[in-house]
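Structure record follows, encoded as structure tokens.
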Amino acid sequence: CVVLPIVLRAWRATLPPAAGLAEAADASSAGVAPSSERWPPPAWIVLYGIAGFQGLSLEIIWFRLLGVAMKSSAFTFGTLLTIYLAGLGAGAAAGSLLLRRVTRPGRTFLLLQGFVGLYAGASIGALVTLLPSSGVMQGLWSYLAGHEPLDAVSAFAALSAADWSPAVRQFIGLYVVLPAVLVIPPTLAMGASFPLLQKV
Numbered sequence: 018c019v020v021l022p023i024v025l026r027a028w029r030a031t032l033p034p035a036a037g038l039a040e041a042a043d044a045s046s047a048g049v050a051p052s053s054e055r056w057p058p059p060a061w062i063v064l065y066g067i068a069g070f071q072g073l074s075l076e077i078i079w080f081r082l083l084g085v086a087m088k089s090s091a092f093t094f095g096t097l098l099t100i101y102l103a104g105l106g107a108g109a110a111a112g113s114l115l116l117r118r119v120t121r122p123g124r125t126f127l128l129l130q131g132f133v134g135l136y137a138g139a140s141i142g143a144l145v146t147l148l149p150s151s152g153v154m155q156g157l158w159s160y161l162a163g164h165e166p167l168d169a170v171s172a173f174a175a176l177s178a179a180d181w182s183p184a185v186r187q188f189i190g191l192y193v194v195l196p197a198v199l200v201i202p203p204t205l206a207m208g209a210s211f212p213l214l215q216k217v
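Quick note on my numbering: the sequence shown kicks off at 18 and runs consecutively.
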């Protein structure tokens, strides 16, 4: 909610008025950055702080959500932390590789931060809405209706032995697919934001 107005403001700041298209084209060809790229360093420090607050807030939300889905398993935090840090690292590596192609790193940073919040909210909303009625998630819905948690140790041992039993498929869905769908796209965007902000 905080980042989205900033994204819209930055986007509008990069769009020249209709009467000044020729002047904007001349400024662009001369290498003059749009107004959002020339914000003072304190403004970017505040935005970076907001981005960090957003990232930590989402980590807490995801931990609580996965804690309910995994029924407070001892592996909940380790699973989340692994996927969270892997997404950040992969995003930072991809952002560093593509950095030279980005002509407006400030606007791209703001758009990525807007995507983080929007995707996180939409994915959690979709999960809660579709879970009771979706045939694809019927197994997860049945598991959540029960009391006993999944025996993750036994399921992982069976997975190591290439035994594709229903418990193993449930383990993959619960400990790999669900957290990956929720966490990886936003954390990729978070990681890609770091080199962009350094370029700004």
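All C-beta atoms, glycine included, are put in the ideal place defined by N, C-alpha and C. These numbers were taken from a predicted model, which means no experiment stands behind them.
- Task: Could you tell me whether the stretch 200–209 touches the stretch 98–113, where touching means 3 or more Cβ pairs closer than 8 Å?
- Result: yes
Taking the alpha carbon of Ala-109 as the point to measure from, which residue in Gly-208, Val-170, Gly-72 has its own alpha carbon closest?
-> Gly-208
Around the C-beta of Gly-131, are 16 or more other C-beta atoms found within 10 angstroms, so that it is buried, or is it exposed? buried
Flag Tyr-65 as yes when its Cβ comes closer than 8 Å to any non-hydrogen atom of the ligand GTP, and as no otherwise. The model depicted lacks the ligand GTP and carries no ligand whatsoever.
- From which residue to which residue does the alpha helix (DSSP H) around Arg-186 run? 183–189
Item to complete: Leaving aside the five residues before and after Ala-137 along the sequence, list all residues of the same chain whose C-beta is less than 6 Å from its C-beta, in chain order.
Response: Leu-75, Pro-203
**Q.** For Lys-88, the nearest candidate out of Gly-66, Tyr-192, Gly-69, Gly-72 (CA to CA)
**A.** Tyr-192
| Grouping DSSP H, G and I as helix and E and B as strand, with all else coil, what is Glu-76? | helix
Check: How should Arg-124 be labelled, buried or exposed, when 16 other C-beta atoms within 10 angstroms of its C-beta is the threshold for buried?
Finding: buried
- Message: Assess contact between the stretch 164–176 and the stretch 64–83, defined as three or more Cβ pairs (one per stretch) separated by less than 8 Å. Is contact present?
- Response: no
message: Could you compute how far the alpha carbon of Leu-157 sits from the alpha carbon of Ala-174?
response: 21 Å
Give the DSSP-derived three-state secondary structure of Lys-216 in the structure shown.
helix
Requested in this report: Count the other CB atoms, across all protein chains shown, that sit within 10 Å of the CB of Trp-79; report buried if there are 16 or more and exposed otherwise.
Outcome: buried
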